[in-house]
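Okay, structure first, notes after.
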Amino acid sequence: MSIKSITCTFEEYTSVEALAASDRLLVEAAVSAMQSAYAPYSQFQVGAALLLDDGTIVSGSNQENAAYPSGLCAERVAFFAAGSQHPDKRMLAVAITTSYPLPQPISPCGACRQVMAEYELKQGASIRIILASNGGSVMIVEQARDLLPMYFSGEWLRK
Ligand SMILES: [Zn+2]
4 MSIKSITCTF
14 EEYTSVEALA
24 ASDRLLVEAA
34 VSAMQSAYAP
44 YSQFQVGAAL
54 LLDDGTIVSG
64 SNQENAAYPS
74 GLCAERVAFF
84 AAGSQHPDKR
94 MLAVAITTSY
104 PLPQPISPCG
114 ACRQVMAEYE
124 LKQGASIRII
134 LASNGGSVMI
144 VEQARDLLPM
154 YFSGEWLRK
């Protein structure tokens, strides 16, 4: 028997203002995206802004439904929109934020981490994840896979 560990490395910034200009713009796009959230049940608005390699920003916001499982997170709204509308463009970075006053930056759910990890596999390149809070600190992870160790890769299923 052996004991092993997995670590997650990330950058931490005190505020959005401390980010590089390009990252700050992406967070601002996520804040704008949040305005279209449909969250009548949770009141928890989330915005995501996904930057593609030609400069296009595909945004998403959470979309809830009275049949709760039918709703979708902001991250997956953005990733699936980009995957379907821009299938040949590489995804470079995504900023995610919420208006909800959390004590730390918002963090994607497991299902969204799984989706982001597979898009990294599909394109053979990392996607930077910028996690912003409402007026507080920001965390940046260099690749989605760092957020979901031992994710389901399904490589043997793809042809
Ligand atoms: Zn999610």
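Residues 4 to 162 in the working numbering are what the sequence shown spells out, letter by letter.
In this text, a Cβ means the ideal position worked out from N, Cα and C, and glycines have one as well.
Whole-angstrom C-beta distance between residue j and residue i, which should lie under 8 Å
i: Leu-151; j: Ala-128; result: With 8 Å as the limit, Leu-151 and Ala-128 do not qualify as a contact, their Cβ atoms being about 17 Å apart.
i: Ala-77; j: Val-49; result: 4 Å
i: Gly-43; j: Glu-14; result: Before going further, note that residue 43 is Pro rather than Gly in the sequence given. Wrong, their Cβ atoms sit about 35 Å apart, outside the cutoff.
i: Val-118; j: His-89; result: Not confirmed; about 16 Å, so no contact.
i: Leu-53; j: Ala-24; result: Not confirmed; about 18 Å, so no contact.
i: Val-2; j: Ala-114; result: For residue 2 there is no data in the structure shown, the boundaries of the chain being 4 and 162.
i: Ile-109; j: Ser-136; result: 7 Å
Residues near residue i in its chain [Cβ-Cβ closer than 7 Å; skip 5 each side]
i: Tyr-16; result: Leu-22, Ser-140, Val-141
i: Ser-73; result: none
i: Gln-146; result: Glu-123, Ser-129, Ile-130
C-beta contact flag for residue i and residue j at 8 Å
i: Ser-64; j: Ser-102; result: no
i: Ile-133; j: Tyr-122; result: no
i: Leu-55; j: Leu-95; result: yes
i: Tyr-154; j: Arg-93; result: no
i: Asp-149; j: Thr-12; result: yes
Residues of its chain near residue i, where Cβ-Cβ distance is below 8 Å and the 5 sequence neighbours each way are ignored
i: Arg-27; result: Val-19, Glu-20
6 Å Cβ shell around residue i - same chain, five flanking residues per side excluded
i: Pro-104; result: Asn-137
Residues with C-beta closer than 7 Å to any heavy atom of ligand 1, in chain order: Cys-76, Glu-78, Arg-79, Pro-111, Cys-112, Ala-114, Cys-115
Beta strand (DSSP E) segments (min. 3 residues) lying fully within the segment 42–97: 49–55, 60–64
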